[in-house]
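Worksheet: the structure to be examined is printed underneath.
In our numbering, the protein residues as written are 20 to 528.
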């Protein structure tokens, strides 16, 4: 797109320069796998989709591990001057977590070898992705480098690697709907916002696409809170923080990562999808049934108690090394080290197990003390078990059991983080009026004024995450926001009173 950067600059947008690259692709039929180490897939299927209709088991494909050799490193050192970076004709910054092979050789000069992963690109195409071997070397040097690696001595290169730099637009010029602040109706997503990676681009593209459609339909934008998804973390980081290198999502970027797990992605985001129209009735019904099924089983685990005198007590002590004192709920047992939901099922304490219907008051005959101690809870447990049986929502699948186990085992940590989010939400979600004049706020540092005016955060939380804005600046900003809010409320109230008086006078006249 020739002239696009210049057009954006003319409209007042700031642009910058970043670098990206990719490894060579090699013909799989020209590779000797016999000298490489197989890297098989996980034995258990873990699906990206929560919809069973999308679960299609297929034979897995292995990747392979090989390594660079001293000869590989020698070739690279001899030709560093031919690369864009070390040749001096490319100054832009590349992604920190995907360094080129020449960067590895220079940075870690003491290493004699580096891992190279050979990854098949698909089931029907004979192409391999040479992971860890991104380079900006000329094509003929690339082939020489590849053929110095065990298993690739006779390889045929289908497509060479490349290194390229590109213009991008710092996303601090966008709001959290991915719409530019200077030009309403212009939405951006992907590499142009300074990110690297397919998933990062897909996430932004989804948010930008949904909001562009909503903008065209004169509907309010959809935004993703930072504490509810990695999509929200990604967009919040892009819109509030200064970018020094291509951005990639990492779990460590979220302070709420205990809550942002793969097993609960559907429970976090499906309700939003239903609200904005991207989740159909079939998917919503399936999701609702799953949530009811898991909730009912969670209630059973919290209600059902096992007595210290029951036949199960000895099994629990043998497994966990700790005896049951008086009685313990199944949830309390599940929180013990070495205990799992699968172990409960093996003991006959799972949903639909041999003890179903009687487990709520497991005790030795005549164990009145145990029964008296938990009499009230026994009745409640019976009601829960009866409700589970009556509901007949079906068995939990392996993924639902895994998610339930995580919820129960880490319940204390999860509740603590949820409480922290609730405490912070009042201040962090406090809106900042769009027309705020940061340069007119007394006691705000010059650097903070400049950064806040550049990013134009929508909330106090976003403002607090901007580099160069410290807690003292946030305290000053909070006071200003509250003062303006009171003044505008007072003015609005005065207008209403004045309007009412005027109407009364008119009626009397």
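We put the beta carbon where it would ideally sit given N, CA and C, even for glycine.
Measure the Cβ-Cβ separation of residue i and residue j and say whether it is below 8 Å.
i, j, result
"residue 264", "residue 112", "yes"
"residue 415", "residue 187", "no"
"residue 76", "residue 64", "yes"
"residue 287", "residue 216", "no"
"residue 283", "residue 422", "yes"
"residue 433", "residue 278", "yes"
"residue 223", "residue 475", "no"
"residue 150", "residue 127", "no"
"residue 148", "residue 40", "no"
"residue 486", "residue 447", "no"
"residue 361", "residue 427", "no"
"residue 169", "residue 55", "yes"
"residue 7", "residue 220", "Outside the displayed range of the chain (20 to 528) lies residue 7, so it cannot be described from this structure."
"residue 120", "residue 94", "no"
"residue 449", "residue 498", "no"
"residue 174", "residue 50", "yes"
"residue 191", "residue 259", "yes"
Using the three-state DSSP reduction, which class does residue i fall into: helix, strand or coil?
i, result
"residue 498", "helix"
"residue 544", "Outside the shown range of the chain (20 to 528) lies residue 544, about which nothing can therefore be said."
"residue 171", "coil"
"residue 58", "strand"
"residue 270", "helix"
"residue 435", "helix"
"residue 117", "coil"
"residue 511", "helix"
"residue 187", "strand"
"residue 277", "coil"
"residue 347", "strand"
Using 8 Å for Cβ pairs, my map puts residue i next to residue j. What's the rounded Cβ distance?
i, j, result
"residue 256", "residue 195", "Incorrect: roughly 11 Å between the Cβ atoms, too far for contact."
"residue 43", "residue 134", "That belief does not hold up - the Cβ atoms of residue 43 and residue 134 are roughly 16 Å apart, past 8 Å."
"residue 348", "residue 316", "With 8 Å as the limit, residue 348 and residue 316 do not qualify as a contact, their Cβ atoms being about 13 Å apart."
"residue 153", "residue 90", "19 Å between Cβ atoms; not a contact."
"residue 158", "residue 179", "4 Å"
"residue 471", "residue 453", "13 Å between Cβ atoms; not a contact."
"residue 197", "residue 235", "14 Å between Cβ atoms; not a contact."
"residue 492", "residue 508", "Not confirmed; about 25 Å, so no contact."
Taking its Cβ as the centre, do 16 or more other Cβ atoms sit within 10 Å of residue i, making it buried, or is it exposed?
i, result
"residue 132", "exposed"
"residue 103", "buried"
"residue 488", "buried"
"residue 281", "exposed"
"residue 189", "buried"
"residue 527", "Per-residue confidence for residue 527 stands at a pLDDT of 35, beneath the threshold of 50, marking its modelled position as unreliable; the derived number appears in the next sentence. Its Cβ having fewer than 16 others within 10 Å, residue 527 is exposed."
"residue 244", "buried"
"residue 346", "buried"
"residue 213", "buried"
"residue 394", "Note that residue 394 scores a pLDDT of 39, beneath 50, so its modelled location is shaky; the value from the coordinates is reported in the next line. Exposed is the call here."
Identify every residue that forms a DSSP beta bridge with residue i.
i, result
"residue 199", "193"
"residue 40", "182"
"residue 176", "45"
"residue 295", "The partner list for residue 295 (beta bridge, DSSP) is empty, contrary to what the question assumes."
"residue 229", "Answer is none; residue 229 lacks a bridge partner."
"residue 543", "What is shown of the chain runs 20 to 528, which leaves residue 543 out entirely."
"residue 212", "BP columns for residue 212 are empty, so no partner."
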